[in-house]
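For the sequence shown, counting from 1, position 121 maps to 121 in the UniProt record's numbering; every step adds exactly one.
One structure is given below, encoded as structure tokens.
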Amino acid sequence: MDQQDIRQLKVSDIAHEEWPTLGPEETVEGAIKVFAESGISGVPVVEGDRLVGIVTEGDLIFRDADIKSPGFLDILGGMIPLGNWDEYRREAMKSAGVTVDQVMTRNVKTISPNATLAEAATIMAENRVKILPVAEEDGVLRGVVTRMDILTLHVLNPRR
């Protein structure tokens, strides 16, 4: 198999169908335990079989980060916020969250099982994600593809 053949493989050919998942009501501590026991850095969040989000180590690290509130400018007794107040609010909520629902990323990039690995690699690179959920158009989760899956194929099947 040459490099072109690898790029034309379908996502469904290599997707991890048995990847761990979490429900939105599960605890952050439970998510960390799944990461540690499975040696993974992200888990799709599902309700039934539908993808509703993803929680990654990056989402959880906010719990330990020093969150800095935007500064304020005091002009004639009025307070004017400096910086992005919405971003601060999101970070503060992630820091205070105790359930997966409170810390997960909701706007999840996904890929169709019928897409090519080249398409998956492009989405992962453009969005700087390590784990890409594989989902049907109706949101049913079919598995995940990771950066390492794609990299491993390139090593195992080098260009001739």
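Idealized CB from N, CA, C, for every residue including glycine.
task = Starting from the N-terminal side, write out each stretch of the beta strand (DSSP E) that is 3 residues or longer and does not extend beyond the UniProt domain "CBS" (104-160).
result = Here the runs fully enclosed are 131-135 and 141-146.
inquiry  = Quick check on the DSSP output: the alpha helix (DSSP H) that includes residue 18 runs from which residue to which?
reply    = For residue 18, there is no enclosing alpha helix (DSSP H), as DSSP gives it neither H nor E.
query = Does DSSP put residue 39 in a helix, a strand or coil?
reply = In the structure shown, the three-state DSSP call for residue 39 is coil.
query = Using a Cβ-Cβ cut-off of 8 Å (strictly less than) and excluding sequence neighbours within five positions of residue 21, which residues of its own chain qualify?
reply = Excluding the 5 residues flanking it on each side, residue 21 has same chain C-beta neighbours closer than 8 Å at 43, 44, 45, 46 and 141, in chain order.
key: Residues near residue 148 in its chain [Cβ-Cβ closer than 6 Å; skip 5 each side]   = Taken in chain order, the list of residues that qualify is empty.
query = Which residue's Cα is closest to the Cα of residue 27: 102, 124 and 123?
reply = Nearest C-alpha to residue 27: 102.
Other residues of its chain near residue 119: CB distance less than 7 Å, five sequence neighbours each side excluded = Taken in chain order, the residues that qualify are 111.
task = Quick one: measure Cβ to Cβ for residue 144 and residue 153, integer angstroms, because I've assumed they're closer than 8 Å.
result = That belief does not hold up - the Cβ atoms of residue 144 and residue 153 are roughly 15 Å apart, past 8 Å.
task = Work out the CA separation of residue 17 and residue 104 for me, nearest whole Å.
result = For residue 104 and residue 17, the gap between their C-alpha atoms comes out near 21 Å.
message = Taking 6 Å as the limit between beta carbons, can you name the residues of its chain near residue 65, skipping five residues before and five after?
response = Note on residue 65: pLDDT 44, under 50, position unreliable in the model; the coordinate value appears next. In its own chain, leaving out the 5 sequence neighbours on each side, no residue places its CB closer than 6 Å to the CB of residue 65.
query = When the distance is taken between beta carbons, is residue 100 closer than 7 Å to residue 31?
reply = For residue 31 and residue 100, yes; Cβs fall inside 7 Å.
DSSP bridge partner residues for residue 53 (one or two, in chain order) = Residue pairing of residue 53 in beta bridges, as defined by DSSP: 45.
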